[in-house]
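Listed in order, the protein sequences are those of chains A and B. Numbering follows the UniProt record's numbering, with no gaps: position 314 of the first sequence is 314. Numbering follows the UniProt record's numbering, with no gaps: position 221 of the second sequence is 221. Remarks on the structure that follows.
Number of protein chains: 2
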Amino acid sequence: MTIQQVATEAGVSPSTVSNLLNGRNHRMLPETRQRIERAIDKLGYRPNRAARQLRTGRNTTIGLVVPSVGNPFWGALARHLESAALAEGYHVLLCNSERDPRRERDYVDELWADGVHGVVLCSSLPSLDHVMPLVERGLQLVAFDRTSQAGDPASLVSISVDNAIGSQLATQHLTDLGHRRLAFVSGALASVNRKERYRGFTAGLEQAGIDPATSVRAPVKGDADDFGDVEASELGRAAAAELLALEEPPTGIVAINDMCALGVCRGLRDGGLEVGKDVSVVGFDDIVLADLYAPTLTTVRQPMKEMAAAAFTQLRSRLDDSGPTQGQSLLFRPELIVRESTAPPT
Amino acid sequence: MTIQQVATEAGVSPSTVSNLLNGRNHRMLPETRQRIERAIDKLGYRPNRAARQLRTGRNTTIGLVVPSVGNPFWGALARHLESAALAEGYHVLLCNSERDPRRERDYVDELWADGVHGVVLCSSLPSLDHVMPLVERGLQLVAFDRTSQAGDPASLVSISVDNAIGSQLATQHLTDLGHRRLAFVSGALASVNRKERYRGFTAGLEQAGIDPATSVRAPVKGDADDFGDVEASELGRAAAAELLALEEPPTGIVAINDMCALGVCRGLRDGGLEVGKDVSVVGFDDIVLADLYAPTLTTVRQPMKEMAAAAFTQLRSRLDDSGPTQGQSLLFRPELIVRESTAPPT
DNA sequence: CTGAAAGCGCTAACAC
DNA sequence: GTGTTAGCGCTTTCAG
Numbered sequence: 001m002t003i004q005q006v007a008t009e010a011g012v013s014p015s016t017v018s019n020l021l022n023g024r025n026h027r028m029l030p031e032t033r034q035r036i037e038r039a040i041d042k043l044g045y046r047p048n049r050a051a052r053q054l055r056t057g058r059n060t061t062i063g064l065v066v067p068s069v070g071n072p073f074w075g076a077l078a079r080h081l082e083s084a085a086l087a088e089g090y091h092v093l094l095c096n097s098e099r100d101p102r103r104e105r106d107y108v109d110e111l112w113a114d115g116v117h118g119v120v121l122c123s124s125l126p127s128l129d130h131v132m133p134l135v136e137r138g139l140q141l142v143a144f145d146r147t148s149q150a151g152d153p154a155s156l157v158s159i160s161v162d163n164a165i166g167s168q169l170a171t172q173h174l175t176d177l178g179h180r181r182l183a184f185v186s187g188a189l190a191s192v193n194r195k196e197r198y199r200g201f202t203a204g205l206e207q208a209g210i211d212p213a214t215s216v217r218a219p220v221k222g223d224a225d226d227f228g229d230v231e232a233s234e235l236g237r238a239a240a241a242e243l244l245a246l247e248e249p250p251t252g253i254v255a256i257n258d259m260c261a262l263g264v265c266r267g268l269r270d271g272g273l274e275v276g277k278d279v280s281v282v283g284f285d286d287i288v289l290a291d292l293y294a295p296t297l298t299t300v301r302q303p304m305k306e307m308a309a310a311a312f313t314q315l316r317s318r319l320d321d322s323g324p325t326q327g328q329s330l331l332f333r334p335e336l337i338v339r340e341s342t343a344p345p346t
Numbered sequence: 001m002t003i004q005q006v007a008t009e010a011g012v013s014p015s016t017v018s019n020l021l022n023g024r025n026h027r028m029l030p031e032t033r034q035r036i037e038r039a040i041d042k043l044g045y046r047p048n049r050a051a052r053q054l055r056t057g058r059n060t061t062i063g064l065v066v067p068s069v070g071n072p073f074w075g076a077l078a079r080h081l082e083s084a085a086l087a088e089g090y091h092v093l094l095c096n097s098e099r100d101p102r103r104e105r106d107y108v109d110e111l112w113a114d115g116v117h118g119v120v121l122c123s124s125l126p127s128l129d130h131v132m133p134l135v136e137r138g139l140q141l142v143a144f145d146r147t148s149q150a151g152d153p154a155s156l157v158s159i160s161v162d163n164a165i166g167s168q169l170a171t172q173h174l175t176d177l178g179h180r181r182l183a184f185v186s187g188a189l190a191s192v193n194r195k196e197r198y199r200g201f202t203a204g205l206e207q208a209g210i211d212p213a214t215s216v217r218a219p220v221k222g223d224a225d226d227f228g229d230v231e232a233s234e235l236g237r238a239a240a241a242e243l244l245a246l247e248e249p250p251t252g253i254v255a256i257n258d259m260c261a262l263g264v265c266r267g268l269r270d271g272g273l274e275v276g277k278d279v280s281v282v283g284f285d286d287i288v289l290a291d292l293y294a295p296t297l298t299t300v301r302q303p304m305k306e307m308a309a310a311a312f313t314q315l316r317s318r319l320d321d322s323g324p325t326q327g328q329s330l331l332f333r334p335e336l337i338v339r340e341s342t343a344p345p346t
């Protein structure tokens, strides 16, 4: 089923069919157009993308590289980005880096080799050097959940929630409730957003007149290898056990994200404590499960839908050349969602 | 960066480079080979996939169409399938149908138009008629989580857990504990696997000498529109409310999947009941969260990793022409995982 | 063992 | 308005 056959069927030349296919339909008689459309329908013709791409160097696929589809947060991003893309006739190629820098780079390379010119990269890495060569050759990059850094490519778009504010809100919520002994639970602070969340935590403490030095960041050990997402829950659980073993366990815990928070809750329960009573826990992300859990989880919501839509819009306008070529940062406002997992200390 | 430039650099012809690229390297002197490899490295050459595909009609991408990446169960499938594919140099293009039959068909069409010849389809639909035209043209299809049906294409591979046995195990577990008033909570029984799970439920009841007519399938209303996955939890929650309003509420509940079960637990809690004490709940899938929830969720585990690996292996061998062309069904054995959400009735 | 040549399906100048 | 033409980068006979 080629454009040639359609042309023959419609009694026109391939280029006329091509013109129609590419929206240059003012260039032909309405009746010609009709004939071509009928031929297309009759033959069930679909343009061959490989040929089209070979010719134009363009395509309508964008890449999405996420740390882990095992975490519903990233699943939600995928859904929303896909919806936005689909509505404009774009496709999304989803890649799962498992927070492995090599895999991340390999995927971006692969995407580029596949002719994908726009990628939404949810990178855990502080530096984007590993993808710079491609950016220099024209790859359009949107960094998601990672604010701009000094060494970033000039054309980079960054889309992120304000992580520092988010976890400061979380922390402040706990101090407002009267908690004084707080802990921050995370894996390695190996990514930009994690560092910022930690910064928000300490800022929140200081604001409440608590010396950050007296608070705990757990787990203290194992910072190097505990960076996963599915593992986030296991990590939270283990961290909770560690915290409970302290002389003066914290009464309030800020977790790096909801999966981790859920693990923390599990760990506290292992230790015989009741979350939302003996200990308060705050998460980050507001995944669907936060509202299902027992107790329901107080957390910091990221406006995912808006962020995903922005990511697509930015990418699209740059792929079109219709947008600015200058980089920019979009920082979204996080929102504290208070539920049952937090309460005044007993 | 074309094959021509590599050829020039290495002082050979493009076809020799192509031969090397395609594993026909016995056809050349070792030193020629060396020269070419050096040239490739030096120039950082990567074959253009579009061109290659245009020429050969083949590619190394497989499609995965899932009902919803918002459900961690499908996220887990994506991860495992991707791992298996990656190890063999294949890519996975993930598509999210949101259980919309039209979207499902459109995606399969799109994939085919993109030159994808193999698709893992997690279809909710009893009939695969909508993709038959493509199968007739050579699309290799693996149906996941959907057992073979009478009208299916002869070449179809089906990979699924034995759903009937799974939910029979779940039901039996409840009856063994002494429960006599049971309910089955699901959205519309619109898919093959859901029907089977329901069948397993009734089989389990009969085996325990309970008349299925006295048990409840909830929700009774709204069967048409409540077929989603993220919504599964909301549905479970609403269903629980309905059940509690009955004169004699069930003491044991079998849910269609874990997300739904989590919603049920939430709904029971809304009603002031304690799961694993006042009421027992069993899920299906064994998502990561089943073991995090409070109480931890008794559920039926699907051997996801093995199933995903099988899906890829089957697809691959058929794309290679190295496998059988006959269809086949692979039914995996589910496993009951007993946790805290089930206990004898009080 | 290596090279020359044809063409996959499409698009975009450029003619007419 | 519509057709002609020249490739995009690659693979694969078929010659040498």
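Using N, Cα and C, we set each Cβ at its ideal position, and we do this for glycine too.
#### Entry: Span separating the alpha-carbon of residue 121/A from that of residue 68/A
The residue you call residue 121/A lines up with position 121 of the first sequence. The residue you call residue 68/A lines up with position 68 of the first sequence. Distance between the alpha carbons of residue 121/A and residue 68/A is about 12 Å.
Using a Cβ distance threshold of 8 Å, determine whether the segment 84–102 of chain B contacts the segment 281–293 of chain B, with at least three qualifying pairs required.
Between the segment 84–102 of chain B and the segment 281–293 of chain B, the count of C-beta pairs closer than 8 Å stays below three; the two stretches do not touch.
message: Can you pull the chain B neighbours of residue 189/A, defined as C-beta to C-beta under 7 Å?
response: Counted from its first residue, the first sequence places residue 189/A at position 189. In chain order: nothing, as chain B lies at least about 23 Å away.
Are the Cβ atoms of residue 118/A and residue 140/A separated by less than 8 Å? Against the first sequence, residue 118/A aligns to sequence position 118. Against the first sequence, residue 140/A aligns to sequence position 140. Taking 8 Å as the Cβ cut-off, residue 118/A and residue 140/A qualify as a contacting pair.
Ordered list of alpha helix (DSSP H) runs contained in the segment 155–241 of chain B, each at least 4 residues: Look at the segment 155–241 of chain B and you find these whole runs of alpha helix (DSSP H), each 4 residues long or longer: 163–177 and 192–207.
Is residue 222/A close to chain B? Criterion is C-beta to C-beta, closer than 8 Å.
Here the question's residue 222/A lines up with position 222 in the first sequence. Residue placement at residue 222/A is flagged as unreliable, the pLDDT there being 47, under the threshold of 50; the coordinate-derived value follows with that caveat. Put simply, the CB of residue 222/A is far from chain B, with every gap to its CB atoms at 8 Å or more.
Where residue 259/B falls, given that 16 or more other Cβ within 10 Å makes a residue buried
Indexing the second sequence from 1 puts residue 259/B at position 259. Its Cβ being crowded by 16 or more others within 10 Å, residue 259/B is buried.
Pop quiz: residue 191/B and residue 134/B are said to be a contact at Cβ under 8 Å. What is the actual Cβ separation, rounded to whole angstroms? Your numbering for residue 191/B matches position 191 in the second sequence. Your numbering for residue 134/B matches position 134 in the second sequence. Wrong, their Cβ atoms sit about 20 Å apart, outside the cutoff.
| query | Are three or more beta carbon pairs between the segment 282–298 of chain A and the segment 313–320 of chain B nearer than 8 Å? | reply | Not touching, per the Cβ criterion.
Could you name each continuous beta strand (DSSP E) segment of 3 residues or more that falls completely within the segment 41–123 of chain B, going from the start of the chain to the end? Correct list: 61–66, 91–96 and 118–121.
Under a three-way DSSP split, which group does residue 331/A fall into? The residue you call residue 331/A lines up with position 331 of the first sequence. The three-state secondary structure of residue 331/A, taken from DSSP, is strand.
Apply the 10 Å Cβ neighbour rule to residue 136/B and answer buried if 16 or more other Cβ atoms are within range, or exposed otherwise. Here residue 136/B is taken as the residue at index 136 of the second sequence, counted from 1. When all chains shown are included, residue 136/B counts as exposed.
Going by the DSSP bridge assignment, what does residue 279/A pair with across the sheet?
One-based indexing of the first sequence puts residue 279/A at position 279. 275/A, per the DSSP bridge assignment.
**Item:** residue 307/A to residue 160/A span [Cα, whole Å]
**Value:** Reading the first sequence from its first residue, position 307 is the one you call residue 307/A. Reading the first sequence from its first residue, position 160 is the one you call residue 160/A. C-alpha separation (whole angstroms): 7 Å.
Check your understanding: What is the C-beta distance between residue 78/B and residue 65/B, in whole angstroms, given that I count them as a contact (C-beta under 8 Å)?
Key -> Within the second sequence, residue 78/B is the residue found at index 78, counting from 1. Within the second sequence, residue 65/B is the residue found at index 65, counting from 1. So it is not a contact: roughly 11 Å between Cβ atoms.
Find the residues of chain A that neighbour residue 114/B, judging by a C-beta separation of less than 7 Å, and give them in chain order. Counted from its first residue, the second sequence places residue 114/B at position 114. From the beta-carbon of residue 114/B, the residues of chain A found nearer than 7 Å are 49.
Cα-Cα separation, residue 246/B to residue 186/B:
As a working mapping, residue 246/B is identified with position 246 in the second sequence. As a working mapping, residue 186/B is identified with position 186 in the second sequence. So the two alpha carbons sit approximately 17 Å from each other.
Do residue 243/B and residue 183/B have their C-beta atoms closer together than 8 Å?
The residue you call residue 243/B lines up with position 243 of the second sequence. The residue you call residue 183/B lines up with position 183 of the second sequence. For residue 243/B and residue 183/B, yes; Cβs fall inside 8 Å.
Practice problem: Would you list the one or two residues that DSSP bridges to residue 301/A? | Solution: In the first sequence, residue 301/A corresponds to position 301, counting from 1. BP columns for residue 301/A point to 285/A and 335/A.
Rounded to whole angstroms, what is the Cα-Cα separation between residue 104/A and residue 143/A? One-based indexing of the first sequence puts residue 104/A at position 104. One-based indexing of the first sequence puts residue 143/A at position 143. Inter-residue distance for residue 104/A and residue 143/A is about 13 Å (C-alpha atoms, whole angstroms).
Just to make sure I have the definition right: I need the residues of chain A whose C-beta is within less than 8 Å of the C-beta of residue 96/B. Which are they?
The count along the second sequence starts at 1 and reaches residue 96/B at position 96. Result: 78, 79 and 82.
Taking its Cβ as the centre, do 16 or more other Cβ atoms sit within 10 Å of residue 342/A, making it buried, or is it exposed? The count along the first sequence starts at 1 and reaches residue 342/A at position 342. It counts as buried.
Closest Cα partner of residue 346/A within the set 294/A, 277/A, 299/A and 296/A = Taking the first sequence and counting its residues from 1, one reaches residue 346/A at position 346. The option with the nearest alpha carbon to residue 346/A is 277/A.
Exercise. Using a Cβ cut-off of 7 Å, pull out every chain B residue sitting near residue 233/A, in sequence order please.
Key: To locate residue 233/A, count along the first sequence from 1; it is residue 233. Residues of chain B passing the Cβ test: 288 and 292.
query = Where do the ends of the alpha helix (DSSP H) carrying residue 252/A lie?
reply = Indexing the first sequence from 1 puts residue 252/A at position 252. Counting along the chain, residue 252/A falls outside any alpha helix (DSSP H), though it belongs to the beta strand (DSSP E) covering 252–255.
In chain B, what lies closer than 8 Å to residue 265/A by C-beta? As a working mapping, residue 265/A is identified with position 265 in the first sequence. Chain order gives the chain B residues near residue 265/A as 292 and 294, where near means a beta carbon separation below 8 Å.
#### Entry: Residues within the UniProt domain "HTH lacI-type" (1–56) of chain B neighbouring chain A, beta-carbon criterion of under 8 Å
The UniProt domain "HTH lacI-type" (1–56) of chain B vs chain A, Cβ under 8 Å: 46, 47, 48, 49, 50, 51, 53 and 54.
8 Å is my cut-off, CB to CB: does residue 138/B come that close to chain A? Taking the first residue of the second sequence as position 1, residue 138/B is located at position 138. No, residue 138/B does not count as interfacial toward chain A.
* Is the CB of residue 91/B under 8 Å away from at least one CB in chain A? -> In the second sequence, the residue the question calls residue 91/B occupies position 91. Judged by the 8 Å Cβ criterion, residue 91/B is in contact with chain A.
* **Contacts of residue 101/A in chain B (Cβ-Cβ under 7 Å)** => Mapped onto the first sequence, residue 101/A falls at position 101. Neighbours of residue 101/A on chain B: none; closest Cβ ~16 Å, over 7 Å.
Next item on the list: Please check the pair residue 6/B and residue 39/B, which I expect to be a contact at CB under 8 Å, by giving their CB distance rounded to whole angstroms.
Entry: Here residue 6/B refers to the residue found at position 6 when the second sequence is read from its first residue. Here residue 39/B refers to the residue found at position 39 when the second sequence is read from its first residue. So it is a contact: roughly 5 Å between Cβ atoms.
Practice item. Just confirm the distance between the C-beta atoms of residue 232/B and residue 267/B, as a whole number of angstroms; I'd bet it's less than 8 Å. Key: On the second sequence, residue 232/B is found 232 positions in, with the first residue counted as 1. On the second sequence, residue 267/B is found 267 positions in, with the first residue counted as 1. For a cut-off of 8 Å, the C-beta gap from residue 232/B to residue 267/B is around 12 Å, too long to register as a contact.
Based on Cα-Cα distance, which residue from 305/B, 198/B and 26/B lies nearest to residue 253/B? The count along the second sequence starts at 1 and reaches residue 253/B at position 253. Taking only the C-alpha atoms, the option nearest residue 253/B is 198/B.
| Any Cβ of chain B within less than 8 Å of the Cβ of residue 283/A? | As a working note, residue 283/A is residue 283 in the first sequence. No, because no Cβ of chain B sits closer than 8 Å to the Cβ of residue 283/A.
Task: is_contact[residue 316/A, chain B] using C-beta, thresh 8 Å - done: Position 316 of the first sequence, counted from the first residue, corresponds to residue 316/A. Answer no: the Cβ-Cβ gap between residue 316/A and chain B never drops below 8 Å.
> Which residues in chain B sit within 8 Å of residue 269/A, going by Cβ to Cβ distance?
Replying inline: By one-based count along the first sequence, residue 269/A stands at place 269. Within chain B, the residues placing a beta-carbon under 8 Å from that of residue 269/A are 294, ordered along the chain.
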